[in-house]
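What follows is one structure encoded as structure tokens, with my remarks underneath.
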Amino acid sequence: MTLAGRLVARDEDALREVMETYGGMVFGMAKRIVNDPNLAEEVAQDTFLSLWRRPEAFDSRRGGMGSFLVGVARNKGVDLVRREESVRRRRDSIAAEVEAMSAIDPAADRLGAVDDREQVKDALAQLSDMQREALVLAYFGGRTYREVAVELGVPEGTAKTRLRDGLLRLRQLLASEA
Amino acid sequence: MSVDRSHEELKALVAPYAVGAVPPDEMDVTRAHIMSCEECTAELESIQSAVGDLAFAVEPVPLPPGFAERVMAQVAAERPAEVVGIRSQRRFSFSLGSALAAAALLLATAVMAAGFVDARSDLASSKRISSALWQAKADFTLEGDGRVYSKVLAASDGGAIFVSRGLDAVDEGRDYQLWLMRGTCADVAAPACRKISAGTFEVRDGVAIVRSEKSLEGVKRAAVTVEPEGGSPQPTTNPVLLSA
Numbered sequence: 423m424t425l426a427g428r429l430v431a432r433d434e435d436a437l438r439e440v441m442e443t444y445g446g447m448v449f450g451m452a453k454r455i456v457n458d459p460n461l462a463e464e465v466a467q468d469t470f471l472s473l474w475r476r477p478e479a480f481d482s483r484r485g486g487m488g489s490f491l492v493g494v495a496r497n498k499g500v501d502l503v504r505r506e507e508s509v510r511r512r513r514d515s516i517a518a519e520v521e522a523m524s525a526i527d528p529a530a531d532r533l534g535a536v537d538d539r540e541q542v543k544d545a546l547a548q549l550s551d552m553q554r555e556a557l558v559l560a561y562f563g564g565r566t567y568r569e570v571a572v573e574l575g576v577p578e579g580t581a582k583t584r585l586r587d588g589l590l591r592l593r594q595l596l597a598s599e600a
Numbered sequence: 007m008s009v010d011r012s013h014e015e016l017k018a019l020v021a022p023y024a025v026g027a028v029p030p031d032e033m034d035v036t037r038a039h040i041m042s043c044e045e046c047t048a049e050l051e052s053i054q055s056a057v058g059d060l061a062f063a064v065e066p067v068p069l070p071p072g073f074a075e076r077v078m079a080q081v082a083a084e085r086p087a088e089v090v091g092i093r094s095q096r097r098f099s100f101s102l103g104s105a106l107a108a109a110a111l112l113l114a115t116a117v118m119a120a121g122f123v124d125a126r127s128d129l130a131s132s133k134r135i136s137s138a139l140w141q142a143k144a145d146f147t148l149e150g151d152g153r154v155y156s157k158v159l160a161a162s163d164g165g166a167i168f169v170s171r172g173l174d175a176v177d178e179g180r181d182y183q184l185w186l187m188r189g190t191c192a193d194v195a196a197p198a199c200r201k202i203s204a205g206t207f208e209v210r211d212g213v214a215i216v217r218s219e220k221s222l223e224g225v226k227r228a229a230v231t232v233e234p235e236g237g238s239p240q241p242t243t244n245p246v247l248l249s250a
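Heads up: the sequence lines are chains A and B, in that order. For this note's numbering, count along the first sequence from 1 and bump the result up by 422. For this note's numbering, count along the second sequence from 1 and bump the result up by 6.
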């Protein structure tokens, strides 16, 4: 039975396996968004608990478990940051954000999905700077398109267009490599 | 006013929506439009895989020590309690595909109740009916997985209508069940929050429409759970969809 099927069947060992396999990705995303180890743990716990509570929400036809969980962690992190006004949003420079996305940390490579990560990073590197900045800020930085527009000093319409063009290009690049 | 926003304006929000970059104040109108618009749904589907791939670019960070044990302790604490029985409810099952003829009347009541369009003029076109239904003002918007859009609205005859798009079909032997909750419902699991079944339903092609005679009077929240086929007297699983 698949991992997802076992979760639906309330197999607690399946949840442990999910955490072993995808914990690093989920915690990595949570830390990026909330920038605080304790809050990141809260987000990561919440992510796995919501998978446990509603395993039906994961649909393998729409992508892998890793992507799904990272997306859930991102959204939970963003919600938490928006809720908790006491948490000061990290305001890294765009350059640092983007640089972080194009560098590969050798220590992290042991944690799995390396090939996928390199491939996606390669594709990100092939986007125009403008597309990459917009996508990195929005997705990995947890910013809204309005915040992206402000940070990049462009009209909101331009921010939206860059996100769209970036995603379309990314899809094209990754489809041709597959 | 949100309903005046143009298709082009809202279509430009599909990409921000896909990466979760739509601000909270625009979320409802964006989601409602995308789910009611074939072109926007198609665009969303075309870029969703890229968003999924983007997730792989995140740098993994090892989990803190004891993380899994803390999660498993919470899982143990949440193991379901026993179920208190009440008599079972009538079964309602409509999907957009199979029930269009029967749906015309009930959709008309919903649409008129919402005061959104003149229902009679829309009855000629099932597509426009469903579009009007999607856009009608919700009494409850149910949140779940980000790609599911669901709401409950009052019908003019005093009943309720639930519409949902994006839910997956449930396994053989199971049904979705709609719950209307009255009482004190800050904690929906609490006994003080009375869960009243508004019927079970199936999902076809990702769409479900449920007509219930249950009134929304005094209803605080709405939820959908997955239950054994035919429904349960009270919810036996955690909600897949829940209103705020």
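Note that beta-carbon positions come from the ideal geometry of N, C-alpha and C, so glycine has one too. Everything numeric in this text was worked out from a predicted model, so none of it was measured.
Name the one or two DSSP bridge partners that A160 of chain B has. B:A166
Reference S218 of chain B; option with closest CA among B:A198, B:Q80, B:K201 and B:L186: B:L186
Kindly confirm or deny that the region 44-54 of chain B and the region 16-23 of chain B touch, where touching means at least three C-beta pairs closer than 8 Å. yes
Residue from A:E578, A:V448, A:V500 and A:R593 whose Cα sits closest to the Cα of K543 of chain A: A:R593
What did DSSP end up calling P70 of chain B once you bin it into helix, strand or coil? coil
Which residues mark the beginning and the end of the beta strand (DSSP E) in which Q183 of chain B is found? R180 to G189
What span of residues does the alpha helix (DSSP H) with E452 of chain A cover, start to end? Residue identity check: residue 452 of chain A is Ala in the sequence provided, not Glu. Counting along the chain, the alpha helix (DSSP H) containing A452 of chain A begins and ends at E434 to V456.
Identify which residue in A:L596, A:A426, A:E442 and A:I455 has its Cα closest to the Cα of A27 of chain B. A:I455
Nearest-angstrom Cα distance between G450 of chain A and L425 of chain A? 22 Å
Mind checking R565 of chain A: buried by the 16 CB within 10 Å criterion, or exposed? buried
Spell out a yes or no on whether the region 493-507 of chain A and the region 458-476 of chain A are touching, meaning 3 or more CB-CB pairs, one atom from each, closer than 8 Å. yes
Which residue comes first and which comes last in the beta strand (DSSP E) that contains A228 of chain B? V225 to P234
Looking at V246 of chain B and G150 of chain B, is the spacing between their C-beta atoms short of 7 Å? yes
Assuming contact is defined by CB atoms lying nearer than 7 Å, are A144 of chain B and L222 of chain B in contact in what I supplied? no
Cβ-based neighbour list, F480 of chain A, same chain, cut-off 7 Å, excluding 5 preceding and 5 following: A426, L473, M487 and F490
Could you tell me which uninterrupted alpha helix (DSSP H) segments, each at least 4 residues in length, are contained entirely in the region 454-501 of chain A, listed from first to last along the chain? 459-475
When you compare the CB of L473 of chain A with every CB in chain B, is at least one pair closer than 7 Å? no
Short CB-CB distance (under 7 Å) between A436 of chain A and chain B: no
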